[in-house]
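Presented below is the structure to which this report refers.
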Amino acid sequence: RIFPSSITFEPVSKRLTDLDIKSGYIKPKEFKYYTEHSNLPLSIAIELKTRLKIEEEFQKLTRGGHIFDFRLEEPAPTEEIIANYIKRIIETTEIGLFTFTRDFIYCPRCRQISYGTYLKCPYCEYDGEKLILYTKVFGKIKPSIFWSNEEKDFISSIKHYIL
4 RIFPSSITFE PVSKRLTDLD IKSGYIKPKE FKYYTEHSNL PLSIAIELKT
54 RLKIEEEFQK LTRGGHIFDF RLEEPAPTEE IIANYIKRII ETTEIGLFTF
104 TRDFIYCPRC RQISYGTYLK CPYCEYDGEK LILYTKVFGK IKPSIFWSNE
154 EKDFISSIKH YIL
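Counting with the numbering used here, you get residues 4 to 166 for the letters of the sequence shown.
Have a look at this one:
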């Protein structure tokens, strides 16, 4: 049997994207990566309900190789809101795999962690280059000091949602 899948191995994805650009199948200004373990690029600004419906249709066809990543806008929802949302997803959709992602920063000056993305530390006002943003990059939490230019572009274009 053959099952459709959407497994993304980013180095290969980038290489194939570059080949598609070189061959003229896509334009250089279009998406630099095909997926972020989600079947619809996270940079497309559409309503959460619409995104869920699209993901649901694809996930019904696959048996793994996909995950729907809810990128949460700050302030984050309460535990109760998340629990209710999870229950609603399970009961009303056929989304099989999903995660919730919150971005956070680390300030090396005051050694505090703050959820959200800030240009300066909300505790000590430090705004130096060493302020580190952490977010999920291609399935892994990765600090900003290790992001490639493609990853920076990808991260800056991600759509976040309020539940």
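All C-beta atoms, glycine included, are put in the ideal place defined by N, C-alpha and C. Values in this document were obtained by computation on a predicted structure and should not be read as measured data.
Item	Value
In chain order, what residues of the same chain lie with their CB nearer than 7 Å to the CB of H163, ignoring the 5 residues before and after it?	R74, L75, E76
Could you round the C-beta distance between I144 and I135 to whole angstroms and report it? I think they count as a contact, below 8 Å.	With a Cβ gap of about 12 Å, I144 and I135 do not count as contacting.
Can you pull the DSSP bridge partners for I108?	S117, L136
Could you check what DSSP says for D130 in three-state terms: helix, strand or coil?	coil
Give me the DSSP bridge partner(s) of T102.	D72
Between S160, R112, I98, which has its C-alpha nearest V140's C-alpha?	S160
Please return the same chain residues whose Cβ sits closer than 6 Å to the Cβ of Y126, not counting the five positions on each side in sequence.	C113, Q115
Count the other CB atoms within 10 Å of the CB of I158; is the residue buried (16 or more) or exposed (fewer)?	buried
For I49, which of helix, strand or coil comes out of DSSP?	coil
Considering Cα atoms alone, identify which of Y28, I29, L166 is closest to F103.	L166
Using CA atoms only, rank isn't needed, just tell me which of F107, D72, D21 is closest to S46.	D72
Determine the direct distance from the alpha carbon of K133 to that of E97, and round the result to whole angstroms.	42 Å
Please report how far the alpha carbon of T38 lies from the alpha carbon of A86, in whole angstroms.	Low confidence applies here, because T38 scores a pLDDT of 48, under 50, leaving its location unreliable and the question unanswered by this model.
Cα-Cα, which of Y118, E153, I108, N152 is closest to P146?	I108
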